[in-house]
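Visitor: Input: one structure, supplied below.
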Amino acid sequence: MDILRKILFPFSFLYGWITSIRNFLFDKGILKSYRFDLPIIAVGNLSVGGTGKTPQIEYLIRLLSDKYKIATLSRGYKRKSEGFVLANETSNAEILGDEPFQFYQKFPTIQVAVDANRKNGIEQLLAQKQKPEIILLDDAFQHRKVTAGFYIMLTSYDDLFYKDFILPTGNLRESRNGANRADMIIVTKCPQDISEIAQEKIKQKINGYVKENQPVFFSYIDYDDCFYSENKKVSVEDLTAVDKLVVAGIAKPEPFFAYLQAEKKSTMVFPDHHDFSENDIKSILETANGRKIITTEKDFVRLKGKLPAAQLYYLPIKSSFVKDSNEFDKKILAYVGASTRNG
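Note that the UniProt record's numbering gives residue 218 to position 218 of the sequence shown, counting from 1, and the numbers run on in steps of one.
The following block contains the structure:
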């Protein structure tokens with residue numbers, strides 16, 4: 001915790017008090033929350049960014065899209081459009097935001113929408129000729145004007161919510177007790193070999209903030225075997241030892257750099273959801289000096305078309321469970337099946 005955050009500690013009490021009052025008003029029905037007659041799964045967190053929401057949403061898409069018509073609804077952070085937008089062939093990262101555009105490109109059979117007003121977004125999706133059967137709400141844990149049927153809360157292994165403080169001293173958007181609203185918690189970005197003892201210790205800490213018998217799962221980031229460009233792929237082995245520039249504009253890029261064994265002199269770091277300017281592109285090209293440029297999948301959708309296609313590659317990731325993936329799948333499918341007519 002840096003000095004400025006310590007100085008701002010009194011403001012954390014104020015921020016926590018405001019968010020607690022807001023939650024109380026929603027809990028008591030004084031502030032209205034809307035429900036919809038279809039399965040809605042919200043994936044979110046208590047902290048600000050970096051918990052792995054995108055790969056978790058993609059896991060749910062893979063799990064459900066073969067059986068149901070899926071729609072994702074995101075705010076569309078840093079997009080240059082307003083209101084409700086349903087992705088189509090003219091969409092790009094500037095219109096949708098980087099993560100929704102990634103969903104659209106990766107899963108062409110689903111509907112991808114953005115709207116900061118989740119209630120309006122859901123209503124607009126249900127007004128479409130092809131109505132979704134399930135809606136996945138991206139980063140909507142604090143968006144309480146809509147009541148989802150199932151809440152998945154993520155907390156990162158290296159930044160567990162029960163060790164954190166409310167903004168601005170820490171990174172929590174609300175009190176740790178907000179975890180009680182979750183139907184399950186996933187500890188993300190774990191070491192793949194995390195021990196049973198370590199898992200149990202974390203569960204015991206989490207149990208102090210959640211409902212009794214609330215399931216807790218542990219996941220890790222699983223990297224693809226290949227790098228991809230616009231029109232080709234190269235095995236990770238073939239490029240690991242090659243001199244390259246690794247570029248990342250994500251919340252916590254250190255694991256990505258470590259996996260690629262990228263030395264600091266061969267990396268460039270930008271803010272999360274960064275809108276790459278002409279000067280940024282010029283700087284990247286100058287630093288690369290003809291080398292291959294490796295980036296994240298989220299950054300690729302913003303860099304595509306701005307950097308030479310033959311030079312730019314991305315490395316896909318996915319969320320995998322340390323254990324009990326079948327149990328996780330069963331709980332999701334049970335909720336969806338009980339909430340749909342064809343369940």
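Even for Gly, the Cβ is constructed at its ideal location relative to N, Cα and C.
Remember, predicted model here, so these are calculated numbers, not experimental data.
1) Thinking C-beta only, is Y335 closer than 8 Å to F36?
2) For T19, write down the residues that DSSP places opposite it in a beta bridge.
3) Would you mind giving the Cβ-Cβ distance between L73 and A113, rounded to the nearest angstrom? I have them listed as a contact below 8 Å.
4) Excluding five sequence neighbours on each side, which residues of the same chain lie with their C-beta closer than 6 Å to the C-beta of R22?
5) Indicate whether the contact test is met: 3 or more Cβ pairs, each with one atom in the stretch 166-178 and one in the stretch 45-60, closer than 8 Å.
6) Curious, which full-length beta strand (DSSP E) runs of at least 3 residues does the stretch 189-266 contain?
7) Using the rule of at least 16 other Cβ atoms within 10 Å of the residue's Cβ for burial, across every protein chain shown, is P191 buried or exposed?
8) Taking A288 as part of the alpha helix (DSSP H), name the residues at either end of that continuous run.
9) Could you name the residues that DSSP lists as bridge partners for T296?
10) What residue range does the beta strand (DSSP E) around G44 cover?
11) If I'm right that V242 touches D138 with Cβ under 8 Å, what's the distance once you round it to whole angstroms?
12) Which of the three DSSP states is assigned to F84 in this structure?
13) Buried or exposed for G337, please, with buried defined as at least 16 other CB atoms from any protein chain shown within 10 angstroms of its CB.
14) Between K69, L64 and T240, which has its C-alpha nearest K129's C-alpha?
15) Going along the chain, which residues of its own chain have a beta-carbon closer than 6 Å to the beta-carbon of S81, five neighbours each way excluded?
16) Using the Cβ count rule (16 or more neighbours within 10 Å means buried), how would you classify G343?
17) Could you check where the beta strand (DSSP E) with S74 kicks off and where it finishes?
18) Would you tell me roughly how many angstroms separate the C-alpha atoms of L245 and P316, rounded to the nearest one?
19) Identify every run of the beta strand (DSSP E) within the stretch 98-139, keeping only runs that are complete inside it and at least 3 residues long; order them along the chain.
20) Let me confirm a value: N45 is counted as buried when at least 16 other C-beta atoms fall within 10 Å, else exposed. Which label applies?
21) Would you mind working out which of K232, R176 and K189 sits nearest G208, comparing C-alpha positions?
22) Suppose you measure from the CA of F321 to the CA of Q124; what does that come to, to the nearest Å?
23) To the nearest angstrom, how far is it from the Cα of I186 to the Cα of E254?
24) Measure how close the beta-carbons of F217 and F328 come, nearest whole angstrom, since I'm counting them as under 8 Å.
25) Q204 and M184 - do their beta-carbons sit closer together than 8 Å?
26) Near A248, which residues of its chain fall below 8 Å by C-beta distance, leaving aside the five closest residues on each side in sequence?
27) Work out the CA separation of I152 and K211 for me, nearest whole Å.
28) Does the CB of S266 have a neighbour CB from chain D at under 8 Å?
29) Beta carbon of L160, beta carbon of T188: below 8 Å?
30) State the beta-bridge partners of Y151 as determined by DSSP.
Guide: Straight from the coordinates:
1) Sequence index remark: in the sequence shown, residue 36 carries index 36 (1-based). Sequence index remark: in the sequence shown, residue 335 carries index 335 (1-based). No, these two residues do not count as a Cβ contact at 8 Å.
2) Position 19 of the sequence shown, counted from the start, is the residue given in the question as residue 19. According to DSSP, which records beta bridges pairwise, T19 is partnered with nothing at all.
3) As a first step, residue 73 is located in the sequence shown; it is residue number 73 there, counting from the start. As a first step, residue 113 is located in the sequence shown; it is residue number 113 there, counting from the start. Indeed, because the Cβ distance is near 5 Å, the residues count as touching under 8 Å.
4) The residue given as residue 22 occupies position 22 in the sequence shown. There are no such residues.
5) The stretch 166-178 is in contact with the stretch 45-60.
6) Entirely contained in the stretch 189-266, the beta strand (DSSP E) runs reaching 3 residues are, in chain order, 216-223, 226-228, 233-235 and 244-248.
7) Here residue 191 is taken as the residue at index 191 of the sequence shown, counted from 1. Label assigned to P191: exposed.
8) Counting from one through the sequence shown, the residue named residue 288 turns up at place 288. A288 -> alpha helix (DSSP H) spans E278 to A288.
9) Numbered from 1 along the sequence shown, position 296 holds the residue referred to as residue 296. According to DSSP, residue pairing for T296 in a beta bridge involves L315.
10) Your numbering for residue 44 matches position 44 in the sequence shown. Looking at the DSSP string, the run of the beta strand (DSSP E) that includes G44 is I40 to N45.
11) Residue 242 sits at position 242 when you count from the first residue of the sequence shown. Residue 138 sits at position 138 when you count from the first residue of the sequence shown. In fact, because the Cβ distance is near 35 Å, the residues do not count as touching under 8 Å.
12) Locating residue 84 in the sequence shown gives position 84, where the first residue counts as 1. Taken through DSSP and simplified to helix, strand or coil, F84 comes out as coil.
13) Taking the first residue of the sequence shown as 1, we reach residue 337 at position 337. The Cβ neighbour count for G337, taken over all protein chains shown within 10 Å, is under 16; the residue is labelled exposed.
14) If you number the sequence shown from 1, residue 129 lands on position 129. The closest CA to that of K129, considering only K69, L64 and T240, is found on K69.
15) Mapped onto the sequence shown, residue 81 falls at position 81. Excluding sequence neighbours, S81 sits near I95.
16) Sequence index remark: in the sequence shown, residue 343 carries index 343 (1-based). Bear in mind that a pLDDT of 40 at G343, under 50, signals an unreliable position, so the number given afterwards is only what the model happens to contain. The residue is exposed, with fewer than 16 neighbouring Cβ atoms inside 10 Å.
17) As a first step, residue 74 is located in the sequence shown; it is residue number 74 there, counting from the start. Counting along the chain, the beta strand (DSSP E) containing S74 begins and ends at I70 to S74.
18) As a working note, residue 245 is residue 245 in the sequence shown. As a working note, residue 316 is residue 316 in the sequence shown. One C-alpha to the other measures close to 17 Å.
19) 111-114 and 134-138, all fully within the stretch 98-139.
20) The residue labelled residue 45 in the question sits at position 45 within the sequence shown. The residue in question, N45, is buried, as its Cβ has 16 or more Cβ neighbours within 10 Å.
21) Stepping through the sequence shown from its first residue, residue 208 is reached at position 208. Answer by Cα proximity: R176.
22) Here the question's residue 321 lines up with position 321 in the sequence shown. Here the question's residue 124 lines up with position 124 in the sequence shown. Their backbone Cα atoms lie some 34 Å apart in a straight line.
23) In the sequence shown, the residue the question calls residue 186 occupies position 186. In the sequence shown, the residue the question calls residue 254 occupies position 254. E254 has its alpha-carbon roughly 21 Å from the corresponding atom of I186.
24) Residue numbering aside, residue 217 sits at position 217 when the sequence shown is read from its first letter. Residue numbering aside, residue 328 sits at position 328 when the sequence shown is read from its first letter. About 5 Å separates the CB atoms of F217 and F328; that is less than 8 Å, so the two are in contact.
25) Position 184 of the sequence shown, counting from 1, holds the residue named residue 184. Position 204 of the sequence shown, counting from 1, holds the residue named residue 204. Not closer than 8 Å, so no.
26) Counting from one through the sequence shown, the residue named residue 248 turns up at place 248. Taken in chain order, the residues that qualify are F256, F257, T267, M268, V269, F270, T295, T296 and D299.
27) As a working note, residue 211 is residue 211 in the sequence shown. As a working note, residue 152 is residue 152 in the sequence shown. When rounded, the separation of the alpha-carbon atoms in K211 and I152 is 13 Å.
28) Considering every chain present, this structure includes no chain D. It has just one protein chain.
29) Looking up residue 160 in the sequence shown gives position 160. Looking up residue 188 in the sequence shown gives position 188. Not a contact, by the Cβ cut-off of 8 Å.
30) One-based indexing of the sequence shown puts residue 151 at position 151. Y151 is bridged to A42.
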